[in-house]
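For reference, the structure is listed below as structure tokens.
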Amino acid sequence: MDDFEQELRQAFERRPAPPNLKRKLMDRRADQRRTQQRRSHIQLWQRLAASLILVAVVSSAAEWVRHEREEHRQGEAARQQVLTALHITGHALDHLNTQLTAHDRTEQRQGDRP
Amino acid sequence: MADDWQSDFEQLVDDHQSMVFSIALRMTGDRGLAEEIAQDVFVELDKHLSKIESPDHACFWLRRVAMSRSADALRRRRVRSTDLWVQFEEHHGAPVEVRDSPLGARLELLLATLPEAQRAALVLRYQEDLTPEEIAATLAEPVATVKSHLQRGLKLLRAKATHHLQEYVRSKKEYIRGV
Numbered sequence: 022m023d024d025f026e027q028e029l030r031q032a033f034e035r036r037p038a039p040p041n042l043k044r045k046l047m048d049r050r051a052d053q054r055r056t057q058q059r060r061s062h063i064q065l066w067q068r069l070a071a072s073l074i075l076v077a078v079v080s081s082a083a084e085w086v087r088h089e090r091e092e093h094r095q096g097e098a099a100r101q102q103v104l105t106a107l108h109i110t111g112h113a114l115d116h117l118n119t120q121l122t123a124h125d126r127t128e129q130r131q132g133d134r135p
Numbered sequence: 082m083a084d085d086w087q088s089d090f091e092q093l094v095d096d097h098q099s100m101v102f103s104i105a106l107r108m109t110g111d112r113g114l115a116e117e118i119a120q121d122v123f124v125e126l127d128k129h130l131s132k133i134e135s136p137d138h139a140c141f142w143l144r145r146v147a148m149s150r151s152a153d154a155l156r157r158r159r160v161r162s163t164d165l166w167v168q169f170e171e172h173h174g175a176p177v178e179v180r181d182s183p184l185g186a187r188l189e190l191l192l193a194t195l196p197e198a199q200r201a202a203l204v205l206r207y208q209e210d211l212t213p214e215e216i217a218a219t220l221a222e223p224v225a226t227v228k229s230h231l232q233r234g235l236k237l238l239r240a241k242a243t244h245h246l247q248e249y250v251r252s253k254k255e256y257i258r259g260v
């Protein structure tokens with residue numbers, strides 16, 4: 022290493038940092054931590070709110086599906102009842118028709134007798 | 082032992098603030114900017130503290146980040162089309178400490194006139210006393226490139242220093258003659 026390089030080494034000695042660098046840095050670090058904490062609190066509340074909304078939406082959807090199924094089931098039951106009623110009515114009408122026919126025949130026979 | 086080492090942020094700031102600040106100052110030539118860079122570097126360190134494995138690793142990491150942050154700052158300045166080194170001469174050249182040697186006092190100013198890559202290599206070589214291999218690792222460049230930057234930078238700086246020294250001697254002689 023020659024004289025010039027020795028000179029360079031002396032000229033390029035480390036300079037002391039400004040005296041308030043560490044204090045500024047620590048203040049900035051504390052500020053960042055506070056901001057980060059605030060942000061994480063806000064994020065926590067946002068997540069909670071989003072979860073509640075999601076739960077509400079899912080439960081509403083589930084309730085709607087359940088309600089639809091119930092309505093469908095009740096509709097089916099009503100349809101079955103109407104069909105049964107129609108079947109019974111049809112059967113009763115058939116029976117009545119048979120009786121009326123029998124009655125008409127009896128009356129006709131009695132009218133034919135002298 | 083590296084395994085027993087517990088990173089203490091405040092201790093790291095105490096130990097390395099002068100190194101980080103000096104690197105940033107010599108790379109940017111701006112005291113205010115250097116202080117800002119030093120703060121950014123340590124804030125970054127705080128975020129990565131869990132990944133730091135030993136005091137040597139911390140030192141290496143800080144040098145590397147200080148260099149890259151300084152390069153970023155210089156790039157931003159270039160984008161803004163500001164002639165940093167004119168500013169350096171005008172605003173930050175004056176308070177350079179008076180040293181025993183007139184050459185020593187000028188060397189820092191002359192360093193600022195070198196190309197960025199050569200300046201980085203010289204700062205790490207003569208301020209941090211690193212070998213070309215260590216500089217190459219810090220700057221993530223091939224050793225041959227670093228050696229070339231060192232040689233060229235040294236040659237250029239020597240030539241500039243010789244010229245300035247001659248000017249200095251001439252002005253001193255004129256001053257003495259005048260008195």
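Line by line, the protein sequences are chains F and X.
When we follow the numbering used here, the leftmost residue of the first sequence carries the number 22, and every step to the right adds one.
When we follow the numbering used here, the leftmost residue of the second sequence carries the number 82, and every step to the right adds one.
Backbone N, C-alpha and C fix where the C-beta goes; we use that ideal spot for every residue, glycine too.
What separation, rounded to the nearest whole angstrom, lies between the Cα atoms of residue i and residue j?
i: alanine 217/X; j: leucine 69/F; result: 50 Å
i: valine 204/X; j: phenylalanine 141/X; result: 14 Å
i: arginine 158/X; j: leucine 195/X; result: 16 Å
i: arginine 126/F; j: arginine 94/F; result: 48 Å
i: arginine 35/F; j: arginine 150/X; result: 18 Å
i: alanine 147/X; j: valine 101/X; result: 6 Å
i: leucine 130/X; j: arginine 59/F; result: 22 Å
i: alanine 139/X; j: lysine 45/F; result: 21 Å
i: proline 37/F; j: isoleucine 118/X; result: 15 Å
i: glycine 96/F; j: threonine 122/F; result: 38 Å
i: glutamine 120/X; j: valine 86/F; result: 59 Å
i: phenylalanine 123/X; j: valine 94/X; result: 7 Å
i: glutamate 128/F; j: glutamine 101/F; result: 40 Å
i: leucine 107/F; j: histidine 124/F; result: 25 Å
i: serine 103/X; j: glycine 110/X; result: 10 Å
i: valine 78/F; j: histidine 88/F; result: 15 Å
i: phenylalanine 90/X; j: glutamate 125/X; result: 11 Å
i: alanine 240/X; j: leucine 155/X; result: 25 Å
i: glutamate 28/F; j: glutamine 57/F; result: 47 Å
Buried or exposed, going by whether 16 or more other CB atoms sit within 10 Å of the CB of residue i?
i: tyrosine 256/X; result: exposed
i: arginine 136/F; result: Nothing can be reported for residue 136/F: it is not among the residues displayed for chain F, which extend from 22 to 135.
i: serine 81/F; result: exposed
i: arginine 134/F; result: exposed
i: glutamate 248/X; result: exposed
i: serine 56/X; result: Nothing about residue 56/X can be reported from this structure: the residues present for chain X run from 82 to 260 only.
i: isoleucine 74/F; result: exposed
i: alanine 83/X; result: Because the pLDDT at alanine 83/X is just 45, under 50, the model does not fix this residue reliably, and the value given afterwards should be weighed accordingly. Counting Cβ neighbours within 10 Å, alanine 83/X comes out exposed, since fewer than 16 surround it.
i: alanine 242/X; result: buried
i: arginine 258/X; result: exposed
i: isoleucine 133/X; result: buried
i: alanine 32/F; result: buried
i: glutamine 208/X; result: buried
i: arginine 90/F; result: exposed
i: leucine 117/F; result: exposed
i: leucine 42/F; result: buried
i: arginine 206/X; result: buried
To which residues of the same chain is residue i closer than 7 Å at the C-beta, ignoring the five residues directly before and after it?
i: alanine 202/X; result: Ile216, Val227, His230, Leu231, Gly234
i: valine 224/X; result: Pro213, Glu214, Ala217
i: leucine 106/X; result: Arg112, Ala115
i: glutamine 53/F; result: none
Within the same chain, show all residues whose beta-carbon is closer than 8 Å to that of residue i, passing over the 5 residues directly before and after it, in chain order.
i: lysine 69/X; result: Residue numbering for chain X in the displayed model covers 82 to 260; residue 69/X lies beyond these limits and cannot be assessed.
i: arginine 200/X; result: Arg107, Met108, Leu192, Ala193, Gly234
Got a sec? Which residues, its chain only, sit under 6 Å from residue i by beta carbon, not counting five neighbours each side?
i: arginine 144/X; result: Thr219
i: aspartate 96/X; result: none
Next on the checklist: Ignoring anything shorter than 4 residues, give me the alpha helix (DSSP H) runs that lie fully in the stretch 85-152 of chain X, in order along the chain.
Outcome noted: 90-109, 112-128
Next on the checklist: Which runs of the beta strand (DSSP E) at least 3 residues long sit entirely within the stretch 213-252 of chain X? Give them in chain order.
Outcome noted: none
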